[in-house]
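Notes for the one structure printed next.
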Amino acid sequence: RYSFVDHDEL
Amino acid sequence: MNIFRLAGDISHLLAIFILLIKIWRSRSCAGISGKSQVLFGMVFLTRYLDLFTSFISVYNTVMKVIFILATLVTIYLVFFKFRATYDSNNDTFRAELLVIPIAGLAVLVNHEFSLFEILWTFSIYLESVSIMPQLYMISKTGEAETITSHYLFALGLYRGLYIVNWVWRYYTEQFYDWIAIVAGVVQTLLYCDFFYLYITKVIKGKEMSLPA
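Heads up: the protein sequence lines correspond to chains A and B, in order. Residue numbering for the first sequence follows our numbering, starting at 624 and increasing by one per position. Residue numbering for the second sequence follows our numbering, starting at 927 and increasing by one per position.
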């Protein structure tokens, strides 16, 4: 899951 | 991390604490939309589920926890501790008319069809309109305390700075997330009218009041 979509912002 | 994102996050943090301090000091949540605060609570709780699945940085984790806790405290103050001062008669925006279509949109338009990703998308779409009950309340009563307008300005500034951050990231990292960008631009546009009033009235030392 998160390996594909990277959400690093708040 | 870049300076625009950091400044945006600090502005966001400042907004949340301005509101908390206003309520705590005055022992009153008059003029504050409890519905907007509940929507922000939903935004943080659905977006930051990744606290349990992915570690990005100490900064990221600490900020997420502060945002969640501070918003939950605000909700507690509005609906429990200072409930007698909550102006529910003017907090009449139909928030469910936002939440239900946004939930549908998040299921239909997302980066990836998985539970966490859909909840993340829901939170991004919901954040873009979460301030609407608050803005509606101000337009209904025709006024906002100066400190409430400082809260809204800090919140709007945070959104504006995030747009600059995305432009920066696009050129420096070739990074862009079109869901966040579209929702972020919509959210920032909602503040434009308010920004105009803030600059023309509040900065010149007047109370914010709207023409009837």
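All C-beta atoms, glycine included, are put in the ideal place defined by N, C-alpha and C. As the structure is a prediction and not an experimental result, all values here were calculated from the model.
- Of the residues B:Pro1059, B:Phe978 and B:Val1025, the one whose Cα lies closest to the Cα of Asp1013 of chain B is B:Pro1059.
- Distance from the CA atom of Thr1126 of chain B to the CA atom of Ala1070 of chain B, rounded to whole angstroms, is 14 Å.
- Think of a sphere of 9 Å around the beta carbon of Ile936 of chain B: no beta carbon from chain A falls inside it, the nearest being about 11 Å out.
- Linking Phe1079 of chain B to Leu1115 of chain B through their CA atoms gives a straight-line distance of about 13 Å.
- For Trp1046 of chain B, the residues of chain A that pass the 7 Å Cβ criterion are His630, in the order they occur in the chain.
- For Ala1106 of chain B, same chain residues with a beta-carbon under 7 Å away, outside a window of 5 residues either side, are Ile1050 in chain order.
- Using a Cβ distance threshold of 9 Å, Arg1085 of chain B and Tyr1124 of chain B do not count as a contacting pair.
- Ala1106 of chain B belongs to the set of residues whose beta carbon lies under 9 Å from a beta carbon in chain A.
- In chain order, Ala996 place their CB closer than 6 Å to the CB of Ile942 of chain B, counting only its own chain and leaving out the 5 sequence neighbours on each side.
- Met1134 of chain B carries a strand assignment under DSSP once its states are collapsed to helix, strand and coil.
- Listed by position along chain A, the residues whose Cβ is nearer than 8 Å to that of Lys990 of chain B are Leu633.
- A direct Cα-to-Cα measurement between Glu1038 of chain B and Ala1029 of chain B gives close to 15 Å.
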